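Only one structure is covered here, and it is reproduced in the block below.
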Amino acid sequence: MKHTDFLILYEHVVREYESILLLKAELERRGYTVAIQQLLDIKRISRRIRGWDKPEVLVSSCMYDDEAINSHVYNNVGVCNKVVNLHWEQMLSDTQEEGAWFNFNGNAKKCIQTCWGKRTQERLIAHGMEEKNCPVTGAVMMDFLRPEFEGYFKSKEALCAEHGLDAGRPLLLYISSFGYASMTEQEVRELSEMAGEDFTGFAHTNRVSMEQTLAWFDRYLTQHPEAQLVYRRHPSEWNSPALLALAEKHSNFHVIFSDSVKQWIVAADRIFIWMSTAIAEVYFAGKSCGVLRPVPIEYEFDPVIYRDAAVIDCYEAFEDAAEHEQAGFPIQKEVIEGYFDKSERPAYLRMADLLEQVYREPPRDTPFSPPFQPHFNWLKYFALLGIHGMFALKLHPKRFARIAPRFADFAGRIYGYVEKAAISPADAAAMEAKIKRFLAPAEKKENK
């Protein structure tokens with residue numbers, strides 16, 4: 008049985024799956040075998056046996072320290088010195104950019120940490136990484152907004168028809184990041200204790216910013232009933248009475264989470280944002296947007312890409328931006344392209360080139376060198392077996408809350424992660440078939 012050439016691990020479906028399917032399609036077209044696995048999938052013992060289905064290269068979604076190498080690499084495939092991290096968390100605040108965690112610790116510096124742009128590469132080198140281990144590839148997720156992918160997204164007419172909107176009326180989009188606004192004071196305290204950082208002030212900023220932003224929307228939709236405003240909520244905004252109240256008051260205010268942010272960006276006539284890193288997707292879609300900041304955001308939480316951005320801080324400026332197309336972009340071109348390298352060559356081809364090079368050549372470094380001592384986590388192995396068994400049977404751990412509350416709480420959280428990250432084979436196959444239609448023409452390459 009031929010072993011797998013590349014094993015790609017993912018964490019979040021919405022953030023990653025589309026991009027890794029694009030990578031998979033390109034690598035398979037080049038003749039390689041590729042498998043995809045979620046971080047909490049059952050560990051396959053066979054993958055730890057070289058010559059069976061152990062991959063030559065492991066492609067991870069995150070890799071910050073030795074514990075991550077142990078969990079994501081060793082527990083899945085055993086020792087593997089060809090580790091490439093897709094590095095999905097690159098849009099950081101000033102504080103995060105200077106902190107140890109996001110600049111990698113231990114042998115994580117010996118893994119290949121891909122960079123979307125030159126500024127991230129420069130930061131990692133300044134914090135002790137070798138240039139060979141932090142190559143610039145561009146951001147694969149931005150490729151879907153390139154001209155080559157024209158037709159990949161639904162038209163405004165098709166999207167509006169699906170959601171009961173009128174394609175003939177102005178479509179305003181707001182991309183929310185108010186993840187802390189719905190949290191209770193107790194939840195904020197628990198998060199602060201767990202993270203070792205006080206989020207109290209930032210949670211307050213979330214609440215005040217959301218309250219004032221919704222007040223602007225209320226006023227605008229009252230004065231402009233012809234407009235339609237789609238509020239693309241943050242994943243953490245599950246229960247928001249304020250959003251429900253505004254939707255009940257205005258038939259032209261719609262809280263929607265389905266379809267990707269990119270899809271709504273492509274279809275919208277006007278786009279507004281608070282502090283989402285999706286502002287880069289707006290840029291690569293060739294559109295502009297307004298950064299709504301009723302109150303300032305603490306610098307230690309504001310993504311560094313927003314430094315010196317032009318912001319809208321009053322209702323009158325918001326109303327004007329909603330009525331007239333914005334001239335220019337709120338963030339300087341050199342800043343955006345410093346973090347998201349823009350090249351004539353699509354990022355997925357550049358990333359595939361890198362992965363192919365790593366596959367063919369000897370390891371660039373030694374992620375498993377001492378003093379790191381890997382160990383297989385048998386407890387996690389059997390725990391995941393149990394959780395996946397319960398998931399297959401649709402037996403939620405909350406059913407055991409009365410007789411085993413601690414088990415129900417712990418297992419319930421893992422069950423929730425597994426449930427959220429699940430994607431059906433049919434949905435995955437449909438996504439992959441759609442993506443393959445947009446692959447660039449095959450390039451002439453020597454056989455591997």
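Here the sequence shown is numbered in this note's numbering, starting from 8 and rising by one per residue. From the three backbone atoms N, C-alpha and C, an ideal C-beta is built for every residue, glycine too. Computed from a predicted structure; not experimentally measured.
Within this structure, are the beta carbons of residue 346 and residue 304 separated by less than 7 Å? no
DSSP state of residue 78 mapped onto helix, strand, coil: helix
Who are the Cβ neighbours of residue 184 in its own chain at under 6 Å, not counting the five residues just before and after it? 241, 281, 282 and 283
Check whether the stretch 101-121 touches the stretch 134-144, counting contact only when three or more Cβ pairs, one atom from each stretch, lie closer than 8 Å. yes
Just checking, does the stretch 102-111 make contact with the stretch 313-323 on the three C-beta pairs under 8 Å criterion? no
Buried or exposed, going by whether 16 or more other CB atoms sit within 10 Å of the CB of residue 8? Any reading at residue 8 is ruled out, since the residue's pLDDT is 49, under 50, leaving its predicted position unreliable.
Evaluate residue 441 with the Cβ neighbour count: other Cβ atoms within 10 Å of its Cβ, from every protein chain shown; 16 or more gives buried, anything less gives exposed. exposed
Residue 357 lies in the alpha helix (DSSP H); which residues open and close that run? 354-367
Using a Cβ-Cβ cutoff of less than 6 Å, which residues in the same chain neighbour residue 134 once the five nearest sequence positions on both sides are dropped? 110
How is residue 67 classed by DSSP in three states: helix, strand or coil? strand
Taking a contact to mean a Cβ-Cβ separation below 7 Å, would you say residue 124 touches residue 348 in this structure? yes
Give a yes or no on contact between the stretch 65-75 and the stretch 9-19, applying the rule of three or more CB pairs nearer than 8 Å. yes
Answer with buried or exposed for residue 298, where buried requires no fewer than 16 other C-beta atoms within 10 angstroms of its C-beta. buried
Keeping to the same chain, check which residues put their C-beta closer than 8 Å to that of residue 382; ignore five residues upstream and five downstream. 77 and 81
On the CB-based measure, 16 or more other CB atoms within 10 Å of its CB, does residue 246 come out buried or exposed? exposed
Test item: CB-CB of residue 234 and residue 166 under 7 Å: no
Considering only residues of the same chain and omitting the five flanking positions on each side of residue 404, which have a CB-CB separation below 6 Å? 415, 418, 419 and 422
Where are the alpha helix (DSSP H) runs, 4 residues long or more, that stay fully inside the stretch 242-290, in chain order? 248-256 and 268-274
Does the Cβ of residue 126 have 16 or more other Cβ atoms within 10 Å, making it buried, or fewer, making it exposed? buried
Contact between the stretch 203-216 and the stretch 156-176 (3+ Cβ pairs under 8 Å): no
Nearest to residue 460 by CA position, among 408, 10, 367 and 26, is which residue? The structure shown does not extend to residue 460, since the chain is modelled only from 8 to 455, so the question has no answer here.
Check whether the stretch 423-437 touches the stretch 388-400, counting contact only when three or more Cβ pairs, one atom from each stretch, lie closer than 8 Å. yes
So what does DSSP say about residue 122, is it helix, strand or coil? strand
Leaving out five residues before and five after residue 146 in sequence, what residues of the same chain have Cβ atoms less than 6 Å from its Cβ? 123, 347 and 354
Which same chain residues end up closer than 8 Å to residue 153 when comparing Cβ atoms and leaving out the 5 residues on each side of it in sequence? 291 and 353
Opposing strand residues paired with residue 42 [DSSP bridges]: 14
Rounded C-alpha distance that separates residue 367 from residue 39: 11 Å
Complete runs of the beta strand (DSSP E) confined to the stretch 126-183 [at least 3 residues]: 178-182
On the DSSP bridge assignment, give the partners of residue 322 in chain order. Note: residue 322 sits in no beta bridge, so no partner.
Short check: CB of residue 100 to CB of residue 309, under 7 Å? yes
Just how far apart, CA to CA, sit residue 335 and residue 54? 51 Å
Residue 103 in three-state terms, based on DSSP: helix
Three-state class that DSSP yields for residue 28 in the structure shown: helix
6 Å CB neighbourhood of residue 87 in its chain, flanking five on each side removed: 65 and 80
Are residue 114 and residue 379 closer than 7 Å when you measure CB to CB? yes
Just checking my contact of residue 337 with residue 316 at CB under 8 Å: how many whole Å lie between their CB atoms? 5 Å
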